[in-house]
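Engineer: Protein chains in written order, with the numbering used here: chain A, 1 to 85; chain B, 1001 to 1230.
1) So residue 1100(B) contacts chain A; which residues on that side make the cut at Cβ distance below 7 Å?
2) Given a threshold of 16 other Cβ atoms within 10 Å of its Cβ, counted over all protein chains shown, does residue 1177(B) qualify as buried or as exposed?
3) Return yes when the Cβ of residue 1124(B) is within less than 8 Å of the Cβ of residue 1164(B), no when it is not.
4) Closest Cβ-Cβ distance between residue 1182(B) and chain A: below 8 Å?
5) Name, please, each residue of chain B whose Cβ falls closer than 7 Å to the Cβ of residue 57(A).
6) Chain A beta carbons: is any one of them nearer than 8 Å to that of residue 1097(B)?
7) Considering only residues of the same chain and omitting the five flanking positions on each side of residue 1218(B), which have a CB-CB separation below 8 Å?
8) Taking the C-alpha atoms as reference points, what is the distance between residue 1126(B) and residue 1048(B)?
9) If you run the structure through DSSP and keep just helix, strand and coil, what is residue 1110(B)?
10) With a threshold of 8 Å between beta carbons, is residue 63(A) in contact with chain B?
11) Can you pull the DSSP bridge partners for residue 1002(B)?
12) Spatial neighbours of residue 1220(B) within its chain, please: CB distance less than 6 Å, with the 5 preceding and 5 following residues excluded, ordered by chain position.
13) Note down, in chain order, every chain A residue with its Cβ under 8 Å from the Cβ of residue 1194(B).
14) Counting contacts by CB-CB distance shorter than 8 Å, is residue 1170(B) in contact with chain A?
15) Could you say which of 1122(B), 1145(B), 1146(B), 1182(B) lies nearest to residue 1162(B) if we only look at CA atoms?
16) Against residue 23(A), what residues of chain B qualify as contacts under a CB-to-CB distance less than 8 Å, listed in chain order?
17) What's the gap between the Cα of residue 8(A) and the Cα of residue 1107(B)?
18) Quick check on residue 1013(B): does DSSP put it in helix, strand or coil?
19) According to DSSP, residue 1167(B) sits in a beta bridge with which residue or residues?
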């Protein structure tokens, strides 16, 4: 077994109202960044996990996202990185 | 009749529920701890309001894995009534006992207020003591109450008559200003497809006697009583 550090991005599903993202976008516009078209605020979760290899580490974290880390009704997730810890 | 009230770490509506059941309804209320493995032989389960596990990760996301939730799911599977209030509603959605999810209020603000909801359906075990179209005044206290589901789910809820309570104004109209959290279709309360699990953001247990400002919530518990005795 090797230890891996797996990072996951979890964001509100596109098309659903994200009031936090909208508030941040409004603030950025007010600060002089009119080029901002959309902001979505989510979570970044970093897990350290033991696995046989990178693929196993990634697939186990995918399963964790499906069961707990992301809400399948309202959120999307993507594995941002898998590195040796 | 016995009501089991589940206490999670962070629940704060459990005593309100106990008071409504024991003192106002005059039935038996028992607390069950989230680590318990049985429901003490209760006929009805109440998942109360609060902030179980500090709302960490998502409201209700951790509580849904408490040992007692296995028993609550089995009770619901048997057709037993479950009343999931506020944080309890969030837990029930996370647990898959009810469709949809409850997201951050569109205003981004915590809302503590007394609002109005319209009773959309009275042929349920939770609303048989109300009139269809009746307007209830009930307190709300939540930061994550925006009911959200995909279009197909919303259509199904509407067609099956699973939308039980909707936020309305004093005239009974579901206009956007009367919607305190931006819920889709102004949904304040839904029942499961089978009809035995109710989730609602307003607090009927905090409106069970006129002394506290509204007694409109008591008939919800009386409805369950009438149903079980029928």
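Think of the CB as a built atom: it goes at the ideal place given N, C-alpha and C, for glycine as much as any other residue.
All values derive from a computational prediction rather than experimental measurement.
Structural biologist: So, to answer that:
1) For the purposes of this step, residue 1100(B) is taken as the residue at position 100 of the second chain. The contacting residues are 73.
2) Counted from its first residue, the second chain places residue 1177(B) at position 177. It counts as exposed.
3) The sequence position of residue 1164(B) within the second chain is 164, counting from 1. The sequence position of residue 1124(B) within the second chain is 124, counting from 1. Residue 1164(B) is a Cβ neighbour of residue 1124(B), given a cutoff of 8 Å.
4) Looking up residue 1182(B) in the second chain gives position 182. Under the Cβ distance rule, residue 1182(B) counts among the residues neighbouring chain A, one pair being separated by less than 8 Å.
5) Along the first chain, one-based indexing puts residue 57(A) at 57. Within 7 Å Cβ-Cβ: nothing; residue 57(A) doesn't reach chain B, min ~21 Å.
6) Indexing the second chain from 1 puts residue 1097(B) at position 97. Chain A, which has no Cβ nearer than 8 Å to the Cβ of residue 1097(B), makes this no.
7) Reading the second chain from its first residue, position 218 is the one you call residue 1218(B). Apart from sequence neighbours up to five positions away, the residues of its chain that approach residue 1218(B) with a beta-carbon distance below 8 Å are 1020, 1024, 1025, 1204, 1207, 1208, 1209, ordered along the chain.
8) Against the second chain, residue 1126(B) aligns to sequence position 126. Against the second chain, residue 1048(B) aligns to sequence position 48. Inter-residue distance for residue 1126(B) and residue 1048(B) is about 16 Å (C-alpha atoms, whole angstroms).
9) Here residue 1110(B) refers to the residue found at position 110 when the second chain is read from its first residue. If DSSP states are grouped into helix, strand and coil, residue 1110(B) belongs with coil.
10) Numbered from 1 along the first chain, position 63 holds the residue referred to as residue 63(A). Judged by the 8 Å Cβ criterion, residue 63(A) is not in contact with chain B.
11) The sequence position of residue 1002(B) within the second chain is 2, counting from 1. Its beta-bridge partners are 1028(B).
12) By one-based count along the second chain, residue 1220(B) stands at place 220. Here the set comprises 1126, 1204.
13) Translated into positions along the second chain, residue 1194(B) becomes position 194. Neighbours of residue 1194(B) on chain A: none; closest Cβ ~19 Å, over 8 Å.
14) Along the second chain, one-based indexing puts residue 1170(B) at 170. No, residue 1170(B) does not count as interfacial toward chain A.
15) Translated into positions along the second chain, residue 1162(B) becomes position 162. Checking every option, the nearest Cα to that of residue 1162(B) belongs to 1122(B).
16) Translated into the one-based positions of the first chain, residue 23(A) becomes position 23. One finds 1108 in chain B with Cβ atoms closer than 8 Å to the Cβ of residue 23(A), taken in chain order.
17) Residue 8(A) sits at position 8 when you count from the first residue of the first chain. Residue 1107(B) sits at position 107 when you count from the first residue of the second chain. Each residue's Cα considered, the two are about 27 Å apart.
18) Mapped onto the second chain, residue 1013(B) falls at position 13. Three-state DSSP puts residue 1013(B) in coil, outside helix and strand.
19) Here residue 1167(B) refers to the residue found at position 167 when the second chain is read from its first residue. Note: residue 1167(B) sits in a beta bridge opposite 1117(B).
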